[in-house]
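Asks: At position 125 of the sequence shown (counting the first as 1) the number is 125 in full-length UniProt numbering, and the numbers step up by one without a gap.
Handing you this structure, nothing more for now.
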Amino acid sequence: MLIIFLIGYFRVNYDDSSWKKIANYLNSDNYTKIHVLNRASIIDDAYHFLITHQLDINIFLELANYLSQEIDLVALYPMFNILEFTQGFYNFPETDYYKQFILNILDKLIKSVGYEEDPVENNLTKLKRAMILRWACNFGHSECKKTANVKLNEYIANPETYRVPSDLKHWTYCNGIKEANISTWNKLMDMYLINHNADILEYLTCSENPDILISFINKSALNDSIIQKNYYSIISSIIQYHSEKDAVLNYMLENLKIITPK
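Quick look at the structure:
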């Protein structure tokens, strides 16, 4: 494999045999002997060649499989960018195989970083954990979602002593509330009514319970509601997070006159 450091950037394509050799090496214990910038470029370039029909998807998956043992955020970053770009693709049942492939990678990455911050770890490690947990929960990793819910309940039960790390705030609140029952949801709403933190309103829209969301929509439209002034941001967040949930969107479309503030 030719490794060149130059000012500027260019993509390098190989024949299938060479790509497979690179994949085998990346999936070995010696993968760190390839410089981290080149490891990042390999995944980024391979994805480019995949979407431009110059690389077979099975070869790309062989390359990407190594990411389950990657520890450097620089090398993982192209994967996060790819997930950002393709996240809508995984809503279809035909993509279940690829979704499970990504979940397997994320599961191994979670095992390497854990859920708890270490006071002595650096900011890059904290950022890496936050990004791994974000995508793991987005892809439905059950342990990830349950852990977020446990941590959210710990915080709600004792907010004076339990602190949510800033890097994990969105993961804890949003993914925690996805698994929450109405009791936990109401407690978080009570916290908003006390401190009027607008971020909490957004986190409340993360609930995956259609009944809770519909009730929230109705409450936010009431003229005497303290949250009525945030109606449009609430609706926007619900649409953003739940565009695939027919029950919620159908209710909104069928009841526009009722749920629109007067």
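Glycine included, each C-beta is placed from N, C-alpha and C at the ideal position.
Just so we're clear, the structure is a prediction, and the values are computed from it rather than from any experiment.
1) For the 8 Å Cβ check, are there 3 or more pairs between the segment 140-149 and the segment 76-84?
2) Excluding five sequence neighbours on each side, which residues of the same chain lie with their C-beta closer than 8 Å to the C-beta of L13?
3) Under 8 Å by Cβ, that's how I've got I238 and V248 pegged, so tell me the actual separation to the nearest angstrom.
4) Between the alpha carbons of Y31 and E116, how many angstroms are there, rounded?
5) Output the residue ranges of the alpha helix (DSSP H) runs that lie fully inside the segment 100-172 and measure 4 residues or longer, sorted by chain position.
6) Using only CA atoms, which one of L204, D72, S207 and F60 lies nearest to residue 265?
7) Hey, Y241 and C206: beta-carbon distance below 8 Å or not?
8) Assign P78 to one of two classes, buried (16 or more other C-beta atoms within 10 Å of its C-beta) or exposed (fewer than that).
9) Quick check: the segment 109-125 against the segment 92-99, are at least 3 beta-carbon pairs closer than 8 Å?
10) Output yes or no for whether 8 Å exceeds the beta carbon distance between E179 and K229.
11) Using alpha carbons as the reference points, say which of A64, Y162, I102 and A148 lies closest to A40.
12) Quick check on DSSP: helix, strand or coil for C206?
13) Check Q54 in the structure and name its three-state DSSP category.
14) Let me know the secondary structure DSSP gives I4 once reduced to three states.
15) Note down the Cα distance separating L66 from I43, rounded to an integer number of angstroms.
Replies: From the atom records:
1) no
2) Residue identity check: residue 13 is Asn in the sequence provided, not Leu. The residues are D45, F49, Q54 and L55.
3) 7 Å
4) 27 Å
5) 123-138 and 142-157
6) As shown, the chain starts at 1 and ends at 262. That puts residue 265 outside it, with no answer to give.
7) yes
8) buried
9) no
10) no
11) A64
12) coil
13) coil
14) Here I4 scores only 47 on pLDDT, less than 50, and its place in the model should not be relied on; the value that follows carries that caveat. It is coil, neither helix nor strand.
15) Inspection of the sequence shows that residue 66 is occupied by Tyr rather than by Leu. Spanning the two alpha carbons is a distance of roughly 10 Å.
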